[in-house]
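Note that the sequence shown covers residues 43 to 265 in my numbering.
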Amino acid sequence: EDARKNIAIKQQEEQSIWEQARTMDRGKLYKKYLQEYPGGKFSKEAEEALKRFILDPRDSLYYRTVTLNGQLWMAQNLNYQGLGLCYNKQDSMCGQTGRLYTWEEAMKACPDGWRLPSDSDWWGMARQFGAAHSYSKNGSQGAGEEAFKKLVKDGGSGFMASLGGQYNGSTFSEKGEAGYYWTSIQDKSSGEVLTYYFSAGKGFVSRVTENRNNYFSCRCVKK
């Protein structure tokens with residue numbers, strides 16, 4: 043009787059750890075399940091799920107990935123603690139939307155084998171979803187709106203852009219309202235950096251230039 047009870051309890055525990063991993067869709071939790079239940083009831087599904095993640099060997103953080111426009115992208119904002127800072131300098135914020143980096147930091151923050159996306163990486167990827175807005179390329183009405191809808195968290199593209207806000211060296215602002223993503227490309231005439239700006243208020247994603255000393259979010263693409 044007791045043995046049967048114990049088995050039932052263990053099965054319940056296994057089920058609940060699996061449910062948690064699946065609901066939160068975290069690499070760390072899939073790994074935990076596989077370590078605690080080798081050959082377990084859901085091990086094949088956990089192994090399959092883990093293939094969508096990469097592990098950053100520097101700090102053992104997992105990142106969801108997604109293939110868009112033929113390239114492998116991180117589907118979460120980078121949260122490498124060796125550089126950058128958290129919004130409002132609160133660690134819990136990094137857990138939500140990753141760290142914020144200056145451009146120079148972002149250029150060296152991606153894990154080995156990954157890099158900061160170029161302007162053409164970003165532009166080509168956004169074009170799959172109706173293109174980003176750009177004053178110099180397509181300043182037309184409505185540009186960037188469809189891409190914004192598809193690329194944010196529940197947009198169905200799998201990219202899941204976060205509105206992690208920004209820091210200009212003195213003030214944190216726009217968390218939940220805007221996400222700024224660095225490219226690796228500097229605008230030759232102004233010295234500013236091409237940046238992809240997701241604005242909830244405007245409901246679009248726009249290609250803009252920004253001061254390289256601001257602190258913005260960062261995604262990486264596979265080299």
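Idealized CB from N, CA, C, for every residue including glycine. All figures in this text were calculated on a predicted structure; none of them were measured in a lab.
For residue i, count neighbouring Cβ atoms within 10 angstroms of its own Cβ and tell me buried if that reaches 16, exposed if not.
i, result
"N130", "exposed"
"N256", "buried"
"P153", "buried"
"A173", "buried"
"R169", "exposed"
"Q57", "exposed"
"K86", "exposed"
"Q132", "exposed"
"K217", "buried"
"A50", "exposed"
"G69", "buried"
With a CB to CB cut of under 7 Å and the five nearest residues on each side skipped, what residues in its chain are close to residue i?
i, result
"R261", "W115, M116, N119, L120, P159, Y223"
"C128", "M135, C136, R141"
"V108", "W115, A117, G200, F201"
"G197", "K191"
"R94", "R106, T107"
"A91", "Y72"
"V263", "Q113, L114, W115, W156, R157, P159, D163"
"D101", "Y122, Q123"
Using a Cβ-Cβ cut-off of 8 Å (strictly less than) and excluding sequence neighbours within five positions of residue i, which residues of its own chain qualify?
i, result
"I59", "L71, K74, Y75, E78, Y79"
"D229", "V235, L236, T251"
"Q62", "L71"
"E219", "L205, G207, S241, A242, G243"
"P99", "P153, D154"
Assuming residue i and residue j are in contact, meaning their beta carbons sit under 8 Å apart, how far apart are those beta carbons, in whole angstroms?
i, j, result
"A185", "F240", "Between F240 and A185 the Cβ distance is about 14 Å, and since that is not below 8 Å, they are no contact."
"F171", "L193", "6 Å"
"Q113", "D44", "Their Cβ separation, rounded to whole angstroms, is 55 Å, which puts Q113 and D44 out of contact at 8 Å."
"Y177", "A151", "So it is not a contact: roughly 28 Å between Cβ atoms."
Which same chain residues, not among the five before or five after residue i, have their C-beta less than 6 Å away from its C-beta?
i, result
"E147", "L125, G126"
"L97", "Y104"
"F84", "W60"
"A88", "Y72, Y75, L76"
"Y209", "L142, Y257"
"E195", "The question names Glu, but residue 195 in the sequence shown is Lys. Correct list, in chain order: M202."
"M175", "This sequence places His at residue 175; Met is not what is there. A185, G186, F246, S248."
"M149", "L158"
How about residue i and residue j: are their beta carbons less than 8 Å apart?
i, j, result
"T251", "S232", "yes"
"F246", "F190", "yes"
"K265", "W156", "yes"
"G206", "T139", "yes"
"L110", "M66", "no"
"V221", "S259", "Just to set this straight, residue 221 is Gly in the shown sequence, not Val. Against a cut-off of 8 Å, the Cβ pair of S259 and G221 comes out as a contact."
"R254", "W145", "yes"
Starting from the N-terminal side, write out each stretch of the beta strand (DSSP E) that is 3 residues or longer and does not extend beyond the region 91-150.
95-98, 103-110, 113-116
Query raised in the report: Considering only residues of the region 225-264, which uninterrupted beta strand (DSSP E) runs meet the minimum length of 3 residues and lie entirely inside it, listed in chain order?
Result: 235-241, 246-252
ask   = Curious, which full-length beta strand (DSSP E) runs of at least 3 residues does the region 148-218 contain?
value = 206-209, 214-217
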